[in-house]
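Remarks on the structure that follows.
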Amino acid sequence: MKKLLLAGMIGTSLFAVSCSSVKKAETSQNQRVEYLKLKGDWQIVSVDYEKGLKIKPFDEGADAQCFVGSHWRLIPNNYTGAYTLNGGGACPSLTQPIKFEVKDGNTFLFKKIAAGTKAKQNTVGYSLTITNQSTDQFSLVQSVPFDGSTVQVVYNFQRTGMK
972 MKKLLLAGMI GTSLFAVSCS SVKKAETSQN QRVEYLKLKG DWQIVSVDYE KGLKIKPFDE
1032 GADAQCFVGS HWRLIPNNYT GAYTLNGGGA CPSLTQPIKF EVKDGNTFLF KKIAAGTKAK
1092 QNTVGYSLTI TNQSTDQFSL VQSVPFDGST VQVVYNFQRT GMK
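In this note's numbering, the protein residues as written are 972 to 1134.
See below:
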């Protein structure tokens, strides 16, 4: 009787664990599907923020408006990418390699990778929130501390190629 009871308890435990694993795998797979929607070539079509402020995102030393028209390539299967600022006027011309990931389905984390360094050597990065995501567009919202409050900077992306 004890062996039968023990076998029943083990079976119930295994069933509970397997159901939990299936649920976790399903959630993970759903998040991966959303994550893969970011794959491809994108262009920032507008940057929205309180225009009276001087916003210089991602430590580039360039005004946020310099990012309008910038090209972003995101490759989720190896978590790499790059963005290119077109230059002109007071805007620099540069291409910046990045490593990125998406956490919890809507948090876009990335860090810039300097030439000759590995991603794990870089401990500084940026956290933005993904909003308004569809097949051909999405927005990244960055919360920037300013004068004791927070300013929201919204980068609006449009797909330009490679799905």
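Using N, Cα and C, we set each Cβ at its ideal position, and we do this for glycine too.
Query: Can you say whether G1059 is buried or exposed, counting buried as having 16 or more other CB atoms within 10 angstroms of its CB?; Result: exposed
Query: Below 8 angstroms between beta carbons: does that hold for H1042 and T1055?; Result: yes
Query: Can you tell me whether A1085 is buried or exposed, with buried defined as 16 or more other CB within 10 angstroms of its CB?; Result: exposed
Query: DSSP on P1028, reduced to helix/strand/coil?; Result: helix
Query: Q1113: buried (16+ other C-beta within 10 angstroms of its C-beta) or exposed?; Result: buried
Query: Measuring only the C-alpha atoms, how far is Q1000 from D1075?; Result: With a pLDDT of only 48 at Q1000, under the threshold of 50, the placement of this residue in the model should not be trusted; the figure read from the coordinates follows. Rounded to whole angstroms, Q1000 to D1075 spans 12 angstroms at the Cα level.
Query: Count the other CB atoms, across all protein chains shown, that sit within 10 Å of the CB of A1061; report buried if there are 16 or more and exposed otherwise.; Result: exposed
Query: Determine the direct distance from the alpha carbon of Y1097 to that of K912, and round the result to whole angstroms.; Result: The question about residue 912 has no answer here: the residues shown for the chain are numbered 972 through 1134.
Query: Grab me the residues of K995's own chain with a C-beta within less than 6 angstroms of its C-beta, minus the 5 sequence neighbours each way, in chain order.; Result: In this predicted model, K995 has a pLDDT of only 49, less than 50, meaning its place in the structure is not dependable; the value taken from the coordinates is given anyway. Within the same chain, K995 has no close Cβ partners at all.
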